[in-house]
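Novice: Dropping a structure here in structure tokens format, bear with me for questions.
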Amino acid sequence: MRPLRPLRRAGLRRELPQRRPRIQGGPPMETLKTHHLMIGASAGAISAVEAIRSIDERSPIAAVSDEEPAGYSRPMLPELLAGELDVKGIMFRDQAFWRRNKVHLIYGKAFELDVEERTAKVSENHSTIKIEYEKLLIATGGKPITPPIEGLEDVQRYTFTTLRDAERLSNRLPEVNHVAVIGGGLIGIGLSESLRKLGKKVTLIELKPHLLPQILDEKAAGILEERIKRAGVEVKTGHTVVRVHSEKDPGELSYAELDDGERIRCQQIIMAIGVSPNVELASKAGLEVNRGVTVDERMETSIPGVYACGDAAELYDFIHGTRRPLPLWPIARWTGKTAGYNMAGLPREFQGATSMSALKYFGVPIVTVGLANPVNQNHDGYDVKTYLDPTRKVYRKIVVKDGRIVGFTLLGEIGDAGVIYHLMRSRFNVRGLRGMAPALNLSLTHLPKRVRRDLLWR
């Protein structure tokens with residue numbers, strides 16, 4: 013496999029909107045003043061910039077990114093690794109976006125916030141920049157989860173959540189034949205597909221009894237798992253890696269050992285368990301933090317003038333009725349936009365969201381939204397309706413409670429996902445809909461005229 017081109021040769025550095033601030037002698041700390049400061053420069057921050065600039069063309073904006081280039085789609089990293097997209101193809105916006113919107117983009121790492129003095133300190137090229145701000149947005153995203161595995165510190169190991177991860181792995185793969193991927197969620201399955209396209213032997217390991225346990229039930233996961241195995245991936249569910257071993261060269265992985273004692277011969281191990289909110293900076297600054305940074309409907313934190321969005325924030329889930337992290341890039345965009353409007357003085361409220369995934373792995377299209385896999389579905393008043401066509405590999409599941417849809421899964425045929433989501437979001441009472449049986453067809457053409465009218469005019 014040809015390694016990913018270095019960013020400099022790919023021409024992206026030449027597109028950066030401005031010279032990065034550097035300190036050439038003089039005082040030990042440079043000071044920058046701005047009105048709006050974004051810590052992070054991905055989906056949420058980009059949407060906040062666009063919201064601010066839609067009503068305020070003049071106020072200074074600065075953004076700090078610890079990755080270069082700034083603002084790419086992490087879900088597209090598997091396609092980048094497989095060579096199906098280049099770096100430009102996974103960018104949310106071209107790098108001229110920052111210049112067009114008069115954003116002072118700084119490549120560095122924010123390491124200290126003083127929310128009383130309204131300052132941030134950023135390390136950049138062995139120097140420090142002090143930034144004074146009026147309004148602050150924390151858009152620090154998520155950080156990869158690394159499980160406790162004996163011997164992991166002694167071998168080459170990777171996560172797969174950043175462009176840098178993809179570049180390092182791309183450079184490593186020519187030396188590797190067999191890869192063990194830990195985590196049968198969205199990251200792990202997407203990565204496994206790319207590795208198979210590159211001709212690598214792959215073992216996919218998931219602790220829970222089936223793949224995608226957070227969003228799929230056993231039937232849906234079984235259809236997907238069958239397709240994954242047909243593509244040549246070895247799948248191990250109900251187990252996890254407890255230790256790794258190096259028999260020959262120090263640092264070179266020889267095998268991974270599962271909790272049942274089985275040893276998997278491999279040259280590379282990749283952690284793809286998921287992400288958790290990156291709240292270290294916010295917590296150190298004294299902001300209220302639970303599972304994520306606590307925010308209200310305006311995306312404002314416990315400190316006035318400080319906002320948070322996206323994967324770093326704890327958001328209202330309108331299905332669960334609680335606040336929790338919702339690490340999805342569309343939600344990062346919605347919450348970033350809401351924060352941006354409020355930072356610019358235009359009141360806006362985020363009405364909540366819920367978990368949702370639209371994916372196509374190994375040729376299987378899947379949409380799952382909301383509470384599609386309730387834990388106590390037989391005891392908590394859920395009415396779970398399912399339809400399976402084993403010949404066409406089509407599976408549909410709709411979860412209803414108190415007459416209203418609270419979650420659904422579509423696999424194989426996903427054309428009416430938008431209609432079902434609208435029924436769910438609008439809390440439409442679906443009792444008695446004939447379209448709910450036998451095939452759970454809920455496209456507009458299958459719904460009664462009165463229902464179509466109500467949906468279209470809501």
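Take the sequence shown: its letter number 373 is residue 385 in our numbering, and every next letter is one higher.
A virtual CB, placed ideally from N, CA and C, is assigned to each residue, including glycine.
Can the beta-carbon of residue 291 be found closer than 8 Å to that of residue 245?
Specialist: no
Novice: Just how far apart, CA to CA, sit residue 163 and residue 183?
Specialist: If you take the alpha carbons of residue 163 and residue 183, they lie about 23 Å apart.
Novice: Of all the options 42, 101, 47, 288, which has the alpha carbon lying nearest to the alpha carbon of residue 134?
Specialist: 42
Novice: Could you tell me the alpha carbon to alpha carbon distance between residue 314 and residue 341, rounded to whole angstroms?
Specialist: 24 Å
Novice: Are residue 217 and residue 251 close, meaning C-beta to C-beta below 8 Å?
Specialist: yes
Novice: Can you tell me the Cα-Cα spacing of residue 65 and residue 113, whole angstroms?
Specialist: 7 Å
Novice: Check whether the Cβ atoms of residue 223 and residue 237 lie closer than 8 Å to each other.
Specialist: yes
Novice: Spatial neighbours of residue 91 within its chain, please: CB distance less than 6 Å, with the 5 preceding and 5 following residues excluded, ordered by chain position.
Specialist: So the list reads 97, once near-sequence residues are dropped.
Novice: Tell me whether residue 109 sits in a helix, a strand or coil according to DSSP, three-state version.
Specialist: helix
Novice: Measuring straight from C-alpha to C-alpha, what distance separates residue 392 and residue 303?
Specialist: 25 Å
Novice: Would you list the residues sitting across from residue 169 in a DSSP beta bridge?
Specialist: 281
Novice: In chain order, which continuous runs of the alpha helix (DSSP H) of length 4 or greater are located wholly inside the region 31-95?
Specialist: Fully enclosed alpha helix (DSSP H) runs of 4 or longer: 55-67, 89-93.
Novice: Does DSSP put residue 174 in a helix, in a strand, or in coil?
Specialist: It is coil, neither helix nor strand.
Novice: As an exercise, report each continuous beta strand (DSSP E) stretch of at least 3 residues that is fully enclosed by the region 188-263, in chain order.
Specialist: Correct list: 190-194, 213-218, 246-249, 253-257.
Novice: My assumption, with CB atoms under 8 Å, is that residue 301 sits in contact with residue 294. Please give the rounded CB distance.
Specialist: 6 Å
Novice: Given a cut-off of 8 Å, decide if residue 45 and residue 124 are closer than it, judged by their beta-carbon atoms.
Specialist: no
Novice: When you compare the CB positions of residue 9 and residue 194, do they come within less than 8 Å of one another, or not?
Specialist: The structure shown has nothing for residue 9, since the chain only spans 13 to 470.
Novice: Are the region 317-334 and the region 195-215 touching by the rule of at least three beta carbon pairs closer than 8 Å?
Specialist: no
Novice: Quick one: what's residue 382 bridged to in DSSP?
Specialist: 419
Novice: Between which two residues does the alpha helix (DSSP H) carrying residue 431 extend?
Specialist: Segment 429-437, the alpha helix (DSSP H) holding residue 431.
Novice: Suppose the cutoff is 7 Å on Cβ atoms and the five residues either side in sequence are ignored; what does the same chain contact list for residue 152 look like?
Specialist: Here the set comprises 51, 52, 290, 293, 324.
Novice: Can you say whether residue 137 is buried or exposed, counting buried as having 16 or more other CB atoms within 10 angstroms of its CB?
Specialist: exposed
Novice: Would you please state the rounded distance, in angstroms, between the beta carbons of residue 132 and residue 49? I believe it to be under 8 Å.
Specialist: Sure, about 6 Å apart at Cβ, within 8 Å.
Novice: Where does residue 311 fall in DSSP's three states?
Specialist: coil
Novice: Report the residue from 84, 99, 110, 59 whose alpha carbon sits nearest the alpha carbon of residue 72.
Specialist: 110
Novice: Starting from residue 143 and walking both ways along the alpha helix (DSSP H), at which residues does that stretch end?
Specialist: Counting along the chain, residue 143 falls outside any alpha helix (DSSP H), though it belongs to the beta strand (DSSP E) covering 139-144.
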